[in-house]
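Residue numbers (numbering that gives the first Met the number 0), protein chains in the order written: chain U, 0 to 275; chain A, 0 to 221; chain X, 0 to 245.
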Amino acid sequence: MKKLLSLALVLALALSLAACGGSPSYKIGIPNDATNGGRALMLLQDLGILTLKEGAGLSATEQDIAENPYNVEIVPLEAANLPISLPDLDFAVINGNYASGAGIGDQVLVTEDAESVAAQTYGNVLCVKEGNENDPAVQALLAVLMSQEVQDWIAASYNGVVMPMGAQELPIPEIPEPVSLNVGASPSPHAEILEYAKPILEQYNVELTITEFDDYVMPNTSLEDGSIDANYFQHQPYLDDFNAENGTHIVSVGTIHYEPMGVYPGKSDSLDVFSQ
Amino acid sequence: MQAFLNEYGMLLLGGVGETLFMTLAPTLCAYLLGLPMGVLLTVTKAGGIAEAPRFNAVFGWLVNILRSLPFMILMIFIIPFTRLIAGTSIGATAACVPLTVAAAPFVARMVEQSLEEIDRGTVEAARCMGATNWQIVTRVLLVESVPSLLRGLSISTITILGYTAITGAVGAGGLGNIAFRFGYQRYQKDLMYVTILLLILLVCLIQGVFNRIARHADKRSR
Amino acid sequence: MIEIEHLSKVFQDKNGRVMALEDVSATIRDGDIFGVIGMSGAGKSTLLRCLCLLEKPTAGRILLDGKDLSALRGSELRAARRRMGVVFQGYNLLMQKTVAENVAFPLKLDKYDKAAVAARVAELLELVGLADKAASYPSQLSGGQKQRVALARALASDPEVLLCDEPTSALDPLTTRSVLELLQDINRKLGVTIVIITHELDVVRRICNRMVVIDESRFVEQGDTAAIFADPQSRIARLLLGKKED
Numbered sequence: 000m001k002k003l004l005s006l007a008l009v010l011a012l013a014l015s016l017a018a019c020g021g022s023p024s025y026k027i028g029i030p031n032d033a034t035n036g037g038r039a040l041m042l043l044q045d046l047g048i049l050t051l052k053e054g055a056g057l058s059a060t061e062q063d064i065a066e067n068p069y070n071v072e073i074v075p076l077e078a079a080n081l082p083i084s085l086p087d088l089d090f091a092v093i094n095g096n097y098a099s100g101a102g103i104g105d106q107v108l109v110t111e112d113a114e115s116v117a118a119q120t121y122g123n124v125l126c127v128k129e130g131n132e133n134d135p136a137v138q139a140l141l142a143v144l145m146s147q148e149v150q151d152w153i154a155a156s157y158n159g160v161v162m163p164m165g166a167q168e169l170p171i172p173e174i175p176e177p178v179s180l181n182v183g184a185s186p187s188p189h190a191e192i193l194e195y196a197k198p199i200l201e202q203y204n205v206e207l208t209i210t211e212f213d214d215y216v217m218p219n220t221s222l223e224d225g226s227i228d229a230n231y232f233q234h235q236p237y238l239d240d241f242n243a244e245n246g247t248h249i250v251s252v253g254t255i256h257y258e259p260m261g262v263y264p265g266k267s268d269s270l271d272v273f274s275q
Numbered sequence: 000m001q002a003f004l005n006e007y008g009m010l011l012l013g014g015v016g017e018t019l020f021m022t023l024a025p026t027l028c029a030y031l032l033g034l035p036m037g038v039l040l041t042v043t044k045a046g047g048i049a050e051a052p053r054f055n056a057v058f059g060w061l062v063n064i065l066r067s068l069p070f071m072i073l074m075i076f077i078i079p080f081t082r083l084i085a086g087t088s089i090g091a092t093a094a095c096v097p098l099t100v101a102a103a104p105f106v107a108r109m110v111e112q113s114l115e116e117i118d119r120g121t122v123e124a125a126r127c128m129g130a131t132n133w134q135i136v137t138r139v140l141l142v143e144s145v146p147s148l149l150r151g152l153s154i155s156t157i158t159i160l161g162y163t164a165i166t167g168a169v170g171a172g173g174l175g176n177i178a179f180r181f182g183y184q185r186y187q188k189d190l191m192y193v194t195i196l197l198l199i200l201l202v203c204l205i206q207g208v209f210n211r212i213a214r215h216a217d218k219r220s221r
Numbered sequence: 000m001i002e003i004e005h006l007s008k009v010f011q012d013k014n015g016r017v018m019a020l021e022d023v024s025a026t027i028r029d030g031d032i033f034g035v036i037g038m039s040g041a042g043k044s045t046l047l048r049c050l051c052l053l054e055k056p057t058a059g060r061i062l063l064d065g066k067d068l069s070a071l072r073g074s075e076l077r078a079a080r081r082r083m084g085v086v087f088q089g090y091n092l093l094m095q096k097t098v099a100e101n102v103a104f105p106l107k108l109d110k111y112d113k114a115a116v117a118a119r120v121a122e123l124l125e126l127v128g129l130a131d132k133a134a135s136y137p138s139q140l141s142g143g144q145k146q147r148v149a150l151a152r153a154l155a156s157d158p159e160v161l162l163c164d165e166p167t168s169a170l171d172p173l174t175t176r177s178v179l180e181l182l183q184d185i186n187r188k189l190g191v192t193i194v195i196i197t198h199e200l201d202v203v204r205r206i207c208n209r210m211v212v213i214d215e216s217r218f219v220e221q222g223d224t225a226a227i228f229a230d231p232q233s234r235i236a237r238l239l240l241g242k243k244e245d
């Protein structure tokens with residue numbers, strides 16, 4: 000009986016020690032949830048640190064790494080935990096809002112580019128009900144939000160947690176008589192950006208009313224039933240899911256900003272180690 | 000089937016190993032701490048062999064507070080302490096620290112309960128024979144409570160195994176973490192089912208082994 | 000010799016004060032088989048618990064060969080305890096240990112010689128007639144056999160006094176007789192003073208040479224058994240012995 004027990008114990012210990020594995024050169028922390036984990040790996044791929052398998056895309060996990068020339072160890076952790084775990088990692092890829100919340104926002108080494116797949120996919124969009132895309136007031140709002148002035152303001156106001164998609168010169172339609180436009184938005188940063196755009200829009204005869212929502216369902220249902228004219232709070236994948244689940248007919252007219260992930264330093268403080 | 004094993008075989012094997020490690024090591028440490036804690040709780044209460052009601056009240060409170068903390072919060076809260084003991088706050092070895100800290104008070108209460116079950120008369124007989132308090136603890140309390148302690152060990156081990164699923168937050172791996180991240184979040188149903196099956200097997204194995212040992216060790220049913 | 004001097008024991012619980020023993024006094028001579036008889040709740044168990052120091056007297060003293068037991072502490076207390084063996088009503092054996100290990104328990108509390116302990120255990124088991132049960136566990140024994148193990152254990156440290164709490168109350172008549180015979184044997188052979196707490200008149204009549212009657216926390220009658228049985232003075236003794244009320 001005792002022999003069997005000690006044998007089982009040895010086996011268990013051996014198995015568990017085998018799980019420990021060797022010691023790679025760099026530990027990089029990433030969020031362990033599906034959406035953010037994939038984004039983090041794509042960022043690392045864009046930086047040339049590793050290569051993912053064909054078609055891995057935004058739902059990639061550390062299992063999808065095809066090439067790992069620098070022998071980095073990917074450590075998936077709870078996203079909110081990454082800042083506090085930095086002393087135990089070489090680097091970590093962290094969401095802007097968590098980094099900012101932990102007070103390390105200004106230590107960022109590099110962020111997702113506006114051109115990256117992640118930014119393009121998860122950029123926050125201005126939406127209207129299907130059929131209203133060419134409404135003059137909506138087009139005016141879009142043009143103002145994408146103007147150099149507003150996009151620059153976004154870049155300067157959020158310490159990297161919110162980034163502009165990139166200014167575009169869009170035509171602003173002539174609006175002879177003042178019109179009102181009711182836009183639903185989340186408090187931050189969306190409503191704040193709209194507040195900044197409001198006086199600019201007045202010059203073009205658009206009276207902007209901003210309706211704040213605390214949840215992610217009402218802005219869409221209100222848009223669908225006509226209580227508001229447009230909304231600005233979600234990204235495209237969420238919109239697509241919402242339309243599919245609820246049978247709504249909401250479309251995006253443009254992508255205004257994105258909330259990037261960035262690489263933050265831990266035990267190592269420069270990404271130059273990956274350019275050898 | 001073959002393709003599944005090819006793709007996930009190593010992941011699952013690693014998961015089993017990590018889960019076993021994160022279950023057995025903290026259980027051992029939790030008992031090293033929790034057994035004396037449970038003994039203290041028992042002997043210092045009113046009517047115990049070393050009555051100390053104020054100490055008992057304070058210590059009991061401490062144990063209750065530690066037990067009230069949700070494991071996730073505890074794990075994050077003691078990261079500096081974990082770093083001190085394990086050198087890092089991430090990974091399976093580091094996770095053993097919060098697992099032990101969370102489990103020790105639970106074990107203390109289970110031990111206390113096992114010791115409470117012992118007939119008062121047996122302790123009185125030992126006192127009458129001139130045994131010291133230490134002798135009563137080691138030769139009466141911990142001897143007569145062995146079958147109950149073993150059954151408690153079974154419950155504790157499986158509880159700790161349950162906790163290991165949450166350690167994914169600190170990058171500790173294990174089967175529960177695989178089921179959650181890959182199975183649930185990424186909708187890989189086959190992987191989730193296999194992981195759950197493995198967990199069920201592990202629990203049944205642990206439960207079965209300990210029950211057998213407890214039955215074998217209990218001299219009252221010969 | 001045991002002297003009980005004006006012993007009182009009061010218990011305090013949330014319902015108030017309970018006087019379990021009230022100013023009781025008695026002398027137990029060396030070699031006596033001393034019976035303590037009374038109805039349930041009269042105070043018999045409390046008396047035994049005071050004698051073996053499980054309870055501290057509220058007032059009064061218990062003297063063992065002139066030494067005040069309740070004043071003893073630490074190693075002195077333990078030494079005094081070794082001079083008294085206790086046989087409990089519920090046997091109180093270690094269920095997870097063998098008969099031999101149970102009997103050896105008191106011998107291993109101090110430094111001991113393995114061979115000497117083994118020999119003593121064998122001797123004791125022989126004395127109580129359980130030599131063949133040395134490796135058995137208590138759960139495998141009958142009530143009478145468990146009682147004998149408890150007896151052997153109580154005698155292990157070579158005590159001067161044996162305190163027995165209702166030793167035969169749970170046994171059938173035949174087993175009762177053999178246990179009582181054993182007690183008499185021990186008293187004669189080893190010279191051990193025996194104090195028996197019981198509610199059975201028969202036990203007292205058979206082997207006790209002296210006795211005391213407890214009724215509602217007081218000693219209402221004490222002296223030679225023969226004399227009391229012949230001519231009981233107290234109400235309860237008269238009731239127990241079936242004497243008519245005058």
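Note that beta-carbon positions come from the ideal geometry of N, C-alpha and C, so glycine has one too.
Do R81(X) and P158(X) have their C-beta atoms closer together than 8 angstroms?
yes
How about Q206(A): is its C-beta nearer than 8 angstroms to some C-beta of chain U?
no
Could you tell me the alpha carbon to alpha carbon distance between G20(U) and M9(A), rounded to whole angstroms?
Reliability of the predicted coordinates at G20(U) is poor, the pLDDT of 49 falling under 50, and the value obtained from them is presented with this limitation in mind. Approximately 12 angstroms, taken between the alpha carbons.
On the three-state DSSP scale, how would you describe Q88(X)?
Reduced to three states, the DSSP call for Q88(X) is coil.
From S67(A), V57(A), T194(A), V96(A), residue whose alpha carbon lies closest to that of G14(A):
Here the closest residue by C-alpha is T194(A).
Report the residue from Q146(X), A79(X), P56(X) whose alpha carbon sits nearest the alpha carbon of L92(X).
Q146(X)
Within 8 angstroms, strictly: CB atoms of T26(A) and A102(A)
yes
Which class does M162(U) belong to by DSSP, given the choice of helix, strand or coil?
Strand, per DSSP.
With distances taken between CB atoms, is the gap from L141(U) to V252(U) smaller than 8 angstroms?
yes
Can a CB atom of chain A be found closer than 8 angstroms to the CB of D276(U)?
Residue 276(U) lies beyond the residue range present for chain U, which begins at 0 and ends at 275; the question has no answer from this structure.
Identify, in the order they occur along the chain, each residue of the same chain with its Cβ nearer than 8 angstroms to the Cβ of L149(A), setting aside the five sequence neighbours on each side.
F209, I212, A213, A216
Count the C-beta pairs between the segment 185–200 of chain X and the segment 28–44 of chain X that are closer than 8 angstroms, then say yes if the count reaches three, no if not.
yes
In three-state DSSP terms, what is S24(X)?
strand
Run through DSSP, which three-state label would G59(X) get?
Three-state DSSP puts G59(X) in a strand.
Reduced DSSP secondary structure (H/G/I, E/B, other) of V193(A)
helix
Buried or exposed, going by whether 16 or more other CB atoms sit within 10 Å of the CB of T137(A)?
exposed
Checking contacts by CB at 8 angstroms: is V169(A) closer than that to chain U?
yes
Cutoff 8 angstroms: V294(U) Cβ touching any chain A Cβ
Not covered by the structure: residue 294(U). The range shown for chain U is 0 to 275.
Cβ of R214(A) less than 8 angstroms from any chain X Cβ?
no
Against A45(A), what residues of chain X qualify as contacts under a CB-to-CB distance less than 7 angstroms, listed in chain order?
Result: empty, since nearest Cβ-Cβ is about 12 angstroms, beyond 7 angstroms.
Could you tell me the alpha carbon to alpha carbon distance between R108(A) and A130(A), rounded to whole angstroms?
25 angstroms
So is M0(A) buried or exposed if we call it buried at 16+ other beta carbons inside 10 Å?
exposed
Round the Cβ separation of S267(U) and F90(U) to the nearest angstrom and send it over; I've been treating them as touching at under 8 angstroms.
6 angstroms
Report the residues of the segment 140–169 of chain X with a CB closer than 9 angstroms to any CB of chain A, ordered along the chain.
A149, R152, A153, A155, S156, L162
Beta-carbon of S88(A) versus every beta-carbon of chain U: anything under 8 angstroms?
yes
To test your reading of the DSSP string, which unbroken beta strand (DSSP E) runs of 3 or more residues are found completely within the segment 137–194 of chain U?
178–184
Short-range partners of chain U found in the segment 6–38 of chain A, where Cβ spacing is below 7 angstroms:
L10, G13, V15, G16, E17, L19, F20, L23
Which of helix, strand or coil DSSP assigns to S177(X)
Reduced to three states, the DSSP call for S177(X) is helix.
Complete runs of the beta strand (DSSP E) confined to the segment 161–239 of chain X [at least 3 residues]:
192–197, 209–214, 217–223
Output yes or no for whether 8 angstroms exceeds the beta carbon distance between V96(A) and S155(A).
No, the Cβ-Cβ distance between V96(A) and S155(A) is not below 8 angstroms.
Could you work out which residue in Q147(U), D228(U), A101(U), E114(U) is closest to V178(U) when comparing CA atoms only?
Residue D228(U) holds the alpha-carbon nearest to the alpha-carbon of V178(U) among Q147(U), D228(U), A101(U), E114(U).
Comparing the C-beta of V102(X) with each C-beta of chain A, is any distance below 8 angstroms?
The beta carbon of V102(X) does not come within 8 angstroms of any beta carbon belonging to chain A, so the residue lies off that interface.
Just how far apart, CA to CA, sit V148(X) and Q206(A)?
In a straight line, the C-alpha of V148(X) is about 36 angstroms away from that of Q206(A).
Q206(A), DSSP secondary structure in three states:
helix
With H, G and I counted as helix, E and B as strand and the rest as coil, what does DSSP make of G20(U)?
Note that G20(U) scores a pLDDT of 49, beneath 50, so its modelled location is shaky; the value from the coordinates is reported in the next line. It is coil, neither helix nor strand.
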